[in-house]
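In full-length UniProt numbering, the protein residues as written are 1 to 432.
Here's what the structure looks like:
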């Protein structure tokens, strides 16, 4: 099996690349090796998998086409949200209580796992755990969010239901009718978290190699053999693919199971006293619209605003104008705002809005599709993939194992995304 080249992506400077501590040394693979487990992809999925496998005593080699965190793991908004698109009661209806409750528990504990790893491995990534605010413009939207909050509250989660006044005080704008606070959530410097996971894994003997794209993968007897673009080979008993929104053709059909959609982010200069009224408690936030906006402040007082973008990679500041308009409308007290950084990254959207876990052949495990919730979900799924690869069995895994199901007419994904953006924009404007 041979991989298609990954589409080029502009390496525009992001806030995270500019402010992360120095990256650990992850030189390209320069010789053929043998290992227990090969992990392809040095983002949250792959690094969490590798770290947890190494804790179990496995020999692990991680390969990435670029530097660790080059993809979505180093480009996201830095929000650690332990939720799925589906609410707990929805999951019970979809899977039945016996199957759903372990999944709900794993999702609920996913932020705990992130912050535990940060603490245990002393990861320098500016962690804050002040909660996540989900807010809405209409009372109808707020009522729905309060119903969601009560579902989590019944499961022991600390939540707060917020009216218009309480929301305005927490966010610093009267734009919203209300919302809710999820006390489990928080924010981090996401690329710095990647660097910390790399160091932790390396400390347990994991080999991590950037600049080593895998171009072929084949079964040879009882082992898998991966070949890099430089011609080096890795022989492994097990292979884990964790490439998410940057999945290529290495495994036939896998890339067609997700839509790789762009998410765009802008970051202001540090606001100083002018930003004191904005998210004064350090929470992260997002709207409940279909085309949501997400926002937070970083450790230096910059305001970040993120949201959907067109399918193509951005070509200039004009492609981020919709986010800068959102800042002006939401926080008019700031007046003219200067922006330091504009960047984008690809999230992997699945048809059922669930993370996907596949084992299409003996010794191959794939995990991807976080629908914009990758920090918590990918870290958690990596832990469970490690257990699965180590032999715990599918029944012990809270995330369902599913067959590969390529999206129909996947080649028209640009059309899917453009049409979806247009339709959801209309629905959001008319309040449906």
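Backbone N, C-alpha and C define an ideal beta-carbon position, used for all residues, glycine too.
Since this is a predicted model, take the numbers as computed values, not measurements.
Item                                                                                                                                                                  : Value
State the Cα-Cα distance for the pair residue 281 and residue 172, rounded to the nearest angstrom.                                                                   : 11 Å
Considering only their Cβ atoms, is the gap separating residue 193 from residue 266 smaller than 9 Å?                                                                 : no
Measure the alpha-carbon distance for residue 145 versus residue 153 and round it to whole angstroms.                                                                 : 12 Å
Report the rounded CA-to-CA distance for residue 119 versus residue 408, giving the unit in angstroms.                                                                : 43 Å
Quick one: using the 10 Å Cβ neighbour count with 16 as the cut-off for buried, is residue 220 buried or exposed?                                                     : exposed
Report the three-state DSSP secondary structure of residue 251 (helix, strand or coil).                                                                               : coil
Kindly confirm or deny that the segment 70-82 and the segment 96-114 touch, where touching means at least three C-beta pairs closer than 8 Å.                         : yes
With a Cβ-Cβ cutoff of 9 Å, do residue 279 and residue 287 count as a contact?                                                                                        : no
Out of 274, 66, 46 and 262, which has the shortest C-alpha to C-alpha gap to residue 25?                                                                              : 66
Going by DSSP in three states, residue 121 sits in which element: helix, strand or coil?                                                                              : coil
Going by DSSP, what residues sit across from residue 344 in a beta bridge?                                                                                            : 264
Measuring alpha carbon to alpha carbon, tell me which of 406, 50, 308 and 357 ends up nearest residue 200.                                                            : 50
What do you get for residue 308, buried or exposed, if any count of 16 or more other CB atoms within 10 angstroms of its CB means buried?                             : buried
My output table needs one value for residue 271: the three-state DSSP class, helix, strand or coil.                                                                   : coil
Which runs of the alpha helix (DSSP H) spanning at least 4 residues fall entirely within the segment 142-208, listed in chain order?                                  : 164-171 and 190-203
Quick one: give me the first and last residue of the alpha helix (DSSP H) that residue 88 is part of.                                                                 : 88-95
Please classify residue 283 as buried or exposed, where buried requires at least 16 neighbouring CB atoms within 10 angstroms.                                        : buried
Quick check on residue 9: does DSSP put it in helix, strand or coil?                                                                                                  : With a pLDDT of only 41 at residue 9, under 50, the local geometry of the prediction cannot be trusted, and no value is derived from it.
Please confirm whether residue 53 and residue 29 have their CB atoms less than 9 Å apart.                                                                             : no
Counting only runs of 3+ residues fully inside the segment 311-392, write out the beta strand (DSSP E) ranges in chain order.                                         : 339-350, 356-361 and 364-368
So if DSSP puts residue 220 in a beta bridge, which residue, or which two residues, is it bridged to?                                                                 : 223
Please report the distance separating the alpha-carbon of residue 237 from that of residue 38.                                                                        : 8 Å
Identify the continuous alpha helix (DSSP H) that holds residue 45 and give its terminal residues.                                                                    : 44-55
Please tell me whether residue 48 and residue 380 are closer than 9 Å, where the distance is taken between their beta carbons.                                        : yes
Where residue 320 and residue 326 are concerned, what is the direct C-alpha to C-alpha distance, given to the nearest angstrom?                                       : 10 Å
Can you find the residues in the same chain that come closer than 7 Å, C-beta to C-beta, to residue 20, ignoring five residues on each side of it along the sequence? : 189, 191, 192 and 195
What span of residues does the alpha helix (DSSP H) with residue 241 cover, start to end?                                                                             : No alpha helix (DSSP H) contains residue 241, which is instead part of the beta strand (DSSP E) from 233-241.
For residue 147 and residue 15, what's the separation of their Cα atoms in angstroms?                                                                                 : 35 Å
What did DSSP end up calling residue 108 once you bin it into helix, strand or coil?                                                                                  : helix
Pop quiz: residue 296 and residue 338 are said to be a contact at Cβ under 8 Å. What is the actual Cβ separation, rounded to whole angstroms?                         : Going by Cβ atoms, the distance from residue 296 to residue 338 rounds to 18 Å, so no, they are not a contact pair.
In the DSSP output, which residue or residues are listed as bridge partners for residue 136?                                                                          : 178
Exposed or buried, which one is residue 75 when buried takes at least 16 other CB atoms within 10 Å?                                                                  : buried
Quick one: grab the DSSP three-state call for residue 429.                                                                                                            : With a pLDDT of 47 at residue 429, under the threshold of 50, the modelled position of that residue is not reliable, and the figure given next carries that caveat. In the structure shown, residue 429 sits in a helix (DSSP, three-state: H, G or I).
Are there three or more Cβ pairs, one per stretch, closer than 8 Å when the segment 240-252 is compared with the segment 128-141?                                     : no
Who pairs with residue 256 in a beta bridge, going by DSSP?                                                                                                           : DSSP, once it has assigned bridges, lists no residue as partnering residue 256.
Looking at the strands, I want to know which residues DSSP matches up with residue 38.                                                                                : 61 and 239
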